[in-house]
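Numbering (this note's numbering), first residue to last: 568 to 1145.
For glycine and all other residues, C-beta sits at the position ideal for the given N, C-alpha and C.
Since the model is a prediction, treat every value here as computed from it, not as a measurement.
To start, the structure itself, in structure tokens.
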């Protein structure tokens, strides 16, 4: 029988400094923990999050039988000294718009069978996305489940889900341990039976039942960030179009990496805006992100999509991959000043009116942390990065993203792709309806299959691609994107090595309020969208002591294809270097 203090300690594991990939791998390699025990803990936590807290982090949790079999096989490989990688047996979760062979591919939309009773929802996609293939098949990671998301990646709050149930922020339920809580090692906590873990969550839920505030986890990779923050997985793959990984990572107090556009293969990713969609991931710490990126970068296979950097730099006659070199100051091996020679840029253009004092204070503290590590902090004037360009980039992003979404989502008509509406096309009581049966079937399928936000963006995209608006709206947005890209690249090539800016300008809103103004939430995108337009690499880091009402994420931005060094510098933000 678990004591209340023990139960409280069990639910606090995600906040502990030891909850990291490196610590877990050490415990497994020294036989203090098995992959099956770790997988059982993460699966039990996922179930508790779904049944007790109703977090909505997962749209589908893998069966324990499948997880247990994969975990035992991993333990056997390790016993035989045949492990596939350091991540062999590590529990991961996958966003619903990335293909996992033994799960349906829904992108969180009813038109693809999400949360429906149709036969389509029971059809597994049959193949793995490139990043899933790499980590699950090649490296031996174990998929705990498919995480929830805003439909087709369209949303900043995690509320545009196909079942109309938002993903809740786990930080609202993770509190400090009581003074008399027993000290337990990571292995001791993970080894507890699933019944103990479920009981721990139930007891904490009863103790915290007076806390009725449900906060947004952020979007669109809401389930990915929530699964990491709640401890049901150690790696969560997602996609970032305009901030879909970085924003929820900041609000949930974890680390979110958006690699350079094309760094990771998009094969197996359901398209939203193809010139912006980037596969990334969420982890507990910066060091965890470095370990994951190292394994992904070791994949030498040629991707199946032409947007991949590896694909574009590998000739069709199988010549060796091009090596990119760039002159850049190198860090020195000094315990006191490890970042000596690194220039960190603070662009004044991102000091927007909506940025509150708490964000400004965290921004200043982050710059001081990097300066204490030896970096030089450089304030970039409006002449280098224009505030007008940054502010207008938000409008340019939505014009371009909606236009591409309108084109990409045109394929979902219930005939070629998607689930056809159950209502027959000729079922109409309107004698004046002159539309053909095919037209009515299309309309019925897309009206019932798409959510309101998706419909809104499709219509906006169709409008800006029309003959009377293409030259003024779409071409204007494309030109503005080029200007923003040029300014940010020039700042990084000429003046500084990295940019430091906030990830969000406000804490997560309370979902229990009568109405959350989704339009007002667009202001948060001003910090992430310009980076996506330029295709740069960025990582969002939150303080280890983040709370739901005071979480502030900081975003470190680097050169294209420079993710490894970017993460090395990011370790010194918010005490992540410890």
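Coil, strand or helix - residue i by DSSP
i            : result
residue 1121 : strand
residue 714  : strand
residue 973  : helix
residue 662  : strand
residue 807  : strand
residue 1026 : helix
residue 1046 : helix
residue 752  : coil
residue 895  : Bear in mind that a pLDDT of 47 at residue 895, under 50, signals an unreliable position, so the model cannot answer this.
residue 587  : coil
residue 627  : strand
residue 1041 : helix
residue 889  : In this prediction, residue 889 has a pLDDT of 38, which is less than 50 and means its spatial position is unreliable; nothing more can be read from the coordinates.
residue 1004 : helix
residue 609  : helix
residue 945  : strand
residue 1096 : helix
residue 791  : helix
residue 928  : helix
residue 845  : strand
residue 983  : coil
Cut-off 6 Å between Cβ atoms - residues of its own chain near residue i, not counting five sequence neighbours on either side
i            : result
residue 893  : For residue 893, the predicted structure reports a pLDDT of 41, less than 50, and the residue's modelled location is therefore unreliable. A value from the coordinates is still provided. Here the set comprises nothing.
residue 922  : 1072
residue 978  : 984
residue 594  : 600 and 754
residue 866  : 701
residue 1059 : 1126
residue 626  : 663, 713 and 715
residue 957  : 916 and 1097
residue 1044 : 963, 966 and 967
residue 660  : 711, 712, 714, 794, 800 and 803
residue 592  : 653
Residue i versus the options, residue with shortest Cα-Cα distance
i            : options                 : result
residue 769  : 630, 620, 1051 and 795  : 620
residue 825  : 922, 635, 857 and 627   : 857
residue 646  : 596, 632 and 1120       : 596
residue 1061 : 1089, 738, 936 and 910  : 910
residue 989  : 1014, 974 and 1003      : 1014
residue 771  : 759, 912 and 739        : 739
residue 760  : 612, 946, 959 and 1075  : 612
residue 844  : 669, 854 and 827        : 827
residue 1131 : 854, 948, 705 and 950   : 854
residue 963  : 680, 1098 and 1068      : 1098
residue 1018 : 729, 696 and 632        : 729
residue 758  : 873, 803 and 610        : 610
residue 948  : 615, 1063, 830 and 675  : 1063
residue 986  : 932, 1009 and 1106      : 1009
residue 674  : 982, 1021 and 1004      : 1021
residue 736  : 773, 763, 718 and 789   : 789
residue 1120 : 1108, 1093 and 903      : 1108
residue 1075 : 1116, 1039, 618 and 981 : 1116
Alpha-carbon spacing of residue i relative to residue j, whole angstroms
i            : j            : result
residue 765  : residue 952  : 51 Å
residue 819  : residue 712  : 19 Å
residue 838  : residue 968  : 11 Å
residue 799  : residue 1101 : 33 Å
residue 565  : residue 1012 : No statement about residue 565 is possible, as the shown extent of the chain runs from 568 to 1145 and does not include it.
residue 1046 : residue 833  : 25 Å
residue 1134 : residue 872  : 26 Å
residue 1104 : residue 816  : 15 Å
residue 1050 : residue 1057 : 10 Å
residue 796  : residue 924  : 26 Å
residue 862  : residue 698  : 10 Å
residue 932  : residue 976  : 43 Å
residue 734  : residue 725  : 6 Å
residue 1149 : residue 672  : This structure leaves residue 1149 out entirely; the chain is present only between 568 and 1145.
residue 1095 : residue 1066 : 12 Å
Residues near residue i in its chain [Cβ-Cβ closer than 8 Å; skip 5 each side]
i            : result
residue 1037 : 1031
residue 1052 : 1100, 1101 and 1102
residue 655  : 602, 641, 644, 645, 706, 707 and 708
residue 590  : 753
Own chain residues within Cβ distance below 7 Å of residue i, not counting five before or after
i            : result
residue 720  : 664, 787, 806, 808, 811 and 839
residue 1041 : 966, 970, 1031 and 1032
residue 886  : Note that residue 886 has pLDDT 39, beneath the 50 cutoff, so the model's placement of it is unreliable and the number below is only indicative. There are no such residues.
residue 906  : 898, 937, 940, 941, 942, 1136 and 1139
residue 750  : none
Heavy atom of the ligand FMN within 7 Å of residue i beta-carbon
i           : result
residue 763 : Because no ligand of any kind appears in the structure shown, any question about the ligand FMN cannot be addressed here.
Per the contact definition of three or more C-beta pairs closer than 8 Å, is the segment 804-817 in contact with the segment 940-951? no
Within the chosen definition, does the segment 1016-1028 reach the segment 910-930 through at least 3 CB pairs nearer than 8 Å? no
Below 8 Å, how does it come out for the segment 637-656 and the segment 594-608: are there three or more Cβ pairs, yes or no? yes
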